[in-house]
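Residues in the sequence shown are numbered from 1018 upward in steps of one, following our numbering. This report refers to the structure that appears directly beneath it.
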Amino acid sequence: MNQPDPQQRYAHVTGWGRYVPSQVLTNHDLERMVDTNDEWIVARTGIRERRVAAAHETTASMAAVASLRAIRTAGLEPDDIDLILLATLTPDYWMPSTAALVKEAIGNTKAAAMDVAAACSGFVYAYASAQAYITSGMARHVLVIGAELLTRFLDYTDRSTCILFGDGAGAVVLSASDERGGGLGIEMTTDPQGAYMIWLPAGGAKAPPSAGTIARGEHYIRMEGKETYRFATKTMATTALESVRRSGLDPSDIALFIPHQANIRIVEAVAKGLDLPMERMFVNLDKYGNTSAASVPIALAEAVNEGRVQVGDNVVLVAFGAGFTSGAVTIQWTTDPARGIAGDAAVSPHDVTVRLPVDWDSVDPIPDALAAIMAQPGTVDVPLDDVVPGEPEPAHREVHA
Ligand code: UT7
């Protein structure tokens, strides 16, 4: 990597890509696992379905596909990347970093690689770090990834958490430029009062994994939903506003907000807090649920590929999560949005492999309750309408054998 130098630089988004597993888990599927129903989940969260990684997929493999798509979109080669930052709370292993696995899988031989741990705010935190590396002159092209495999860390007897989360990955390439644009104002907060509001108790130094921690289900995500909801609705709009203000802009100057996709009611609260209509909020949580650090980059890639972002537009990424953390970055978009679709098409998941260790085979990674549901035929094919208020209800559902 380069040494810092004081010359004025900007960090533009030149590439973006996403990957979600093909296996769909609907609300109706969850009805067969816990005491819940589609109406409750849609009304309280807006989520209709989420994706589940197959047994051969990992956080690194999903991240690698999204990353290569972002690199192709940018018109770069993997070795043009000189720093890889990967945000996740579900790394493949405690060590090495998942970023190191992704570096090898994408065929990069030059970059420094590390993970960023800030839960659902992780991608925005990693993005902010990448911008700092670029504007200081220490890096020229940074790959920023958000990737999660949450369905392996959920308690499928706890209806208050297992309905919320899904799997996937998104990535962007940030590139140095002298031209004004790209990431402008950044805001990040951390409130340790929220430390035990969303947490995964066992597996770390305080509670190393043991038969006892497993018997108590301490290897699953726990959450105080109401407290988290209160934090999110209080914080998201103010964090976004601070980032916009630091960019010398007003919320009315923002073409599109890309909020963390946790709950439609939280997104509605952000719109209300900013005094903007829901049309300015991008929503895809109906299709994927909450994918934690992956949610913002997946949403950004979809928003751009769907034509919701044009060159010259101001876009705000804003997230909140365990910690409690929150973060926002305002971006002036400078790259032809049409590049993303070609970048996606250039990379097939079948062509990407993450090297496995020699002489070691993991146990089947899919939780039993999930594997049982996945083995049954008849997954419901739900039309993927948005859940933005005022939009038509999804059409009649057909069950495929
Ligand atoms: O990335 C950050 C991750 N976290 C979040 O974003 C979560 C933020 N919090 C939330 O989104 C909401 O608090 C939830 C969606 C988790 C819950 O919604 P809520 O409106 O706060 O519901 P609640 O916890 O107040 O529960 C209301 C009722 C309870 O029953 P009683 O006590 O009123 O009889 C729950 O037991 O709903 C019950 N309930 C459910 N019912 C059907 C909780 N989960 C379910 C469920 N299906 N899945």
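Built from N, CA and C at the ideal position, the CB exists for glycine as well.
Membership of glutamate 1165 in the beta strand (DSSP E) is indicated by the continuous run 1158 to 1166. Spatial neighbours of valine 1328 in its own chain (CB-CB distance under 8 Å, excluding positions within 5 residues in sequence) are listed in chain order as Trp1350, Thr1351, Thr1352, Asp1353, Pro1354.
Here the distance from the Cβ of threonine 1256 to the nearest heavy atom of the ligand UT7 is not below 7 Å.
In the DSSP assignment, arginine 1068 falls within the unbroken beta strand (DSSP E) covering 1066 to 1069. If you draw a 10 Å sphere on the C-beta of glutamate 1056, you find fewer than 16 other C-beta atoms in it, and that means exposed.
Taking all protein chains in view, the Cβ of methionine 1253 is crowded by 16 or more other Cβ atoms within 10 Å, so the residue is classified as buried. Contact between the region 1162 to 1171 and the region 1098 to 1116 is established, with three or more Cβ pairs separated by less than 8 Å. The C-beta distance from alanine 1222 to isoleucine 1162 rounds to 26 Å, too long to fall under 8 Å, and the pair is not in contact.
Taking non-hydrogen atoms of the ligand UT7 into account, the C-beta of isoleucine 1390 is found less than 7 Å away from none of them. Under the Cβ criterion (8 Å, minimum of three pairs), the region 1069 to 1080 counts as touching the region 1038 to 1047. Boundaries of the alpha helix (DSSP H) harbouring asparagine 1044: 1044 to 1048, taken from the DSSP string.
For glutamate 1244, no beta strand (DSSP E) encloses it; the enclosing alpha helix (DSSP H) starts and ends at 1242 to 1263.
In terms of Cα proximity to cysteine 1137, the closest of Asp1175, Pro1113, Thr1090, Ala1186 is Ala1186. Relative to the ligand UT7, the nearest heavy atom lies less than 7 Å away from the CB of arginine 1176.
Cα atoms of isoleucine 1390 and tyrosine 1237: separation of roughly 19 Å, rounded to the nearest angstrom.
In the displayed model, glutamate 1235 falls within coil according to three-state DSSP, outside both helix and strand. Comparing alpha-carbon positions, the option among Ile1101, Ala1156, Ala1362, Met1079 lying closest to arginine 1026 turns out to be Ala1156. Under DSSP, the beta-bridge partners assigned to phenylalanine 1274 are Met1298, Val1333. Phenylalanine 1182 sits in a strand when the DSSP states are folded into three classes. DSSP, reduced to helix, strand and coil, places serine 1177 within a helical segment of the structure shown.
Burial of alanine 1279 is indicated by the presence of at least 16 other C-beta atoms within 10 angstroms of its C-beta. Assigned with DSSP and collapsed to three states, glutamine 1327 falls in coil, not helix or strand. Rounded to whole angstroms, the Cβ separation of threonine 1178 and aspartate 1184 is 15 Å, and the two are not in contact under 8 Å. At the C-beta level, glycine 1063 and tyrosine 1144 stay beyond 8 Å of one another. Inside the region 1111 to 1137, DSSP marks whole alpha helix (DSSP H) runs of 4 or more residues at positions 1115 to 1123, from first to last along the chain. Under the three-state reduction of DSSP, histidine 1073 is assigned to coil, being neither helix nor strand. Exclusion of the five residues before and after serine 1264 leaves Leu1201, Gly1202, Thr1347 as the residues of its chain whose Cβ lies within less than 6 Å of its Cβ. Distances from the CA of valine 1371 to each of Val1119, Trp1216, Leu1258 were compared; the closest alpha carbon is that of Val1119.
For the pair alanine 1117 and isoleucine 1098, the CB atoms are not nearer than the 8 Å cut-off.
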